[in-house]
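Residue numbers (the working numbering): 105 to 574. Take a look at the structure set out below.
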């Protein structure tokens with residue numbers, strides 16, 4: 105997936121002379137030219153992201169941050185150094201999933217320098233399909249999650265000052281952890297608003313009270329502040345490095361044209377979906393301590409069955425979206441304000457995010473809805489759920505069924521030690537249902553059963569949703 109030109113080969117002599125200018129230089133990186141950006145909208149989004157990381161960000165990471173490592177790019181190594189200092193990477197099957205970056209850590213820990221030049225370039229190919237890009241980003245995020253528990257990451261962080269350490273963290277694991285926190289904060293926001301609605305204190309604080317800033321309804325427009333900034337952070341902020349790179353390389357007019365083309369073709373939808381994939385992947389790797397290589401496909405694919413798409417994106421997108429959607433519906437039902445008011449001021453960003461996460465796979469697989477395909481895909485999805493309909497009693501233990509998909513999904517969790525299983529149940533499964541059930545019981549008063557009989561129904565619905573989430 106790499107390419108080069110004769111003209112770039114003639115510049116190799118100038119690149120190698122850098123090793124004579126400083127004996128501590130071990131690794132030299134240079135820019136990349138993406139050759140797979142014209143194969144469709146998804147390939148152009150991936151090419152833009154890769155170009156930004158391979159040029160603009162790595163240039164800044166090299167100088168002044170001094171935190172650039174090796175990322176599998178066409179870097180040039182000092183052969184004498186790697187033969188005598190541990191090689192170009194590390195290769196245990198689980199911990200070193202992103203094996204290339206450990207070569208860069210090895211260089212920095214041994215006092216070597218990593219440089220970056222702009223006068224030469226190399227062609228680079230990237231995944232052109234939606235599924236391939238998603239698998240690639242999951243692989244990168246999972247590898248970064250495993251870096252957090254590696255001794256190399258620990259030793260390197262201890263040897264840096266606070267400013268360089270923060271730069272190192274944010275340029276590697278920090279990005280993916282921030283994305284995980286971003287989407288977790290949305291679920292926490294809906295849960296807190298639901299708790300306030302269940303306690304009937306949305307308008308408890310009036311003007312003049314010491315805590316009147318708790319009630320956002322006194323200031324018109326203030327309540328929409330968080331949803332607006334969340335949506336900007338989840339969509340626009342993910343795409344602005346590409347906009348900045350377009351401005352630097354082609355000017356303001358080109359940046360505006362590229363931004364308009366990206367909005368029309370769904371770049372913000374793509375970036376939000378991929379960010380959710382990366383956040384879920386790093387969470388899963390840290391939680392279970394399991395990591396496996398994810399093969400990516402660089403072929404074009406626009407057609408996929410419903411069951412295949414569900415198996416790929418249920419754990420990371422569809423199931424969390426359904427849980428957030430159920431809690432949002434509960435908030436809308438229990439709020440003292442109208443459903444329209446709750447949507448416009450509080451939950452509009454939740455609805456947009458949930459819809460994009462659940463339906464983006466089908467949006468980027470348009471051939472799944474060509475004539476006759478929906479009926480066929482829906483039938484295959486039913487057989488995937490209940491393989492006994494095919495008349496094969498042994499189909500449960502075969503690949504391509506819900507039973508095998510569920511077994512693979514739970515494999516890493518079931519392999520946890522007993523104390524880690526208890527921690528997972530205590531801190532990851534029980535909190536939300538318990539909070540909802542405690543709030544439902546605390547909100548009920550004895551007088552309510554005489555004055556408002558409908559409260560019984562609210563309690564039953566709340567407990568039912570809590571049980572569903574459990």
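Even for Gly, the Cβ is constructed at its ideal location relative to N, Cα and C.
Any idea if residue i is buried or exposed, counting beta-carbon neighbours within 10 angstroms, 16 or more meaning buried?
i           : result
residue 239 : buried
residue 165 : buried
residue 134 : buried
residue 331 : buried
residue 535 : exposed
residue 313 : In this prediction, residue 313 scores a pLDDT of 45, lower than 50, which makes its location untrustworthy; no coordinate-derived value is stated.
residue 379 : buried
residue 491 : buried
residue 285 : exposed
residue 365 : exposed
residue 420 : buried
residue 488 : buried
residue 167 : exposed
residue 355 : exposed
residue 315 : Unreliable placement is indicated for residue 315, whose pLDDT of 42 sits below 50; the coordinate value is still reported in the next sentence. Exposed, since its Cβ has fewer than 16 Cβ neighbours within 10 Å.
residue 471 : exposed
residue 544 : buried
residue 196 : exposed
Roughly how many angstroms separate the alpha carbons of residue i and residue j, rounded to a whole number?
i           : j           : result
residue 334 : residue 393 : 30 Å
residue 434 : residue 298 : 7 Å
residue 247 : residue 417 : 19 Å
residue 281 : residue 174 : 20 Å
residue 108 : residue 226 : 5 Å
residue 146 : residue 121 : 39 Å
residue 140 : residue 183 : 31 Å
residue 475 : residue 467 : 16 Å
residue 293 : residue 249 : 25 Å
residue 451 : residue 443 : 10 Å
residue 50  : residue 211 : Lying before the first or after the last residue shown, residue 50 is absent from the chain, which here runs from 105 to 574.
residue 522 : residue 528 : 10 Å
residue 372 : residue 362 : 12 Å
residue 156 : residue 273 : 19 Å
residue 358 : residue 148 : 15 Å
residue 481 : residue 422 : 18 Å
residue 319 : residue 209 : Only weak support is given to the placement of residue 319: the predicted model assigns it a pLDDT of 47, under 50, and the question is left unresolved by the model.
residue 438 : residue 341 : 33 Å
residue 283 : residue 219 : 29 Å
residue 453 : residue 446 : 11 Å
residue 262 : residue 270 : 11 Å
residue 306 : residue 539 : 18 Å
residue 427 : residue 462 : 12 Å
residue 343 : residue 279 : 14 Å
residue 370 : residue 144 : 12 Å
residue 505 : residue 232 : 28 Å
residue 162 : residue 345 : 12 Å
Could you pull the start and end residues of the alpha helix (DSSP H) that residue i belongs to?
i           : result
residue 512 : 506 to 518
residue 212 : 203 to 213
residue 352 : 341 to 354
residue 249 : 234 to 252
residue 454 : 452 to 467
residue 163 : 162 to 166
residue 95  : Given a span of 105 to 574 for the chain in the structure shown, any question on residue 95 remains unanswerable.
residue 258 : 255 to 262
residue 385 : 371 to 392
residue 575 : Lying before the first or after the last residue shown, residue 575 is absent from the chain, which here runs from 105 to 574.
residue 332 : 329 to 335
residue 271 : 266 to 274
Which residues does DSSP pair with residue i in a beta bridge?
i           : result
residue 181 : 131
residue 218 : 131
residue 227 : 107 and 137
Once DSSP output is grouped into helix, strand and coil, what is the label at residue i?
i           : result
residue 476 : coil
residue 142 : coil
residue 521 : coil
residue 412 : helix
residue 294 : helix
residue 305 : coil
residue 175 : coil
residue 534 : coil
residue 195 : coil
residue 170 : coil
residue 190 : coil
residue 362 : helix
residue 444 : helix
Shorter than 8 Å from the beta carbon of residue i to some beta carbon of chain D?
i           : result
residue 189 : Going by chain labels, chain D is absent from the structure shown, which holds only one protein chain.
Between residue i and the ligand MG, is there a pair consisting of the residue's CB and a ligand heavy atom that are separated by less than 7 Å?
i           : result
residue 143 : Ligands are entirely absent from the displayed structure, and the ligand MG is therefore not among its contents.
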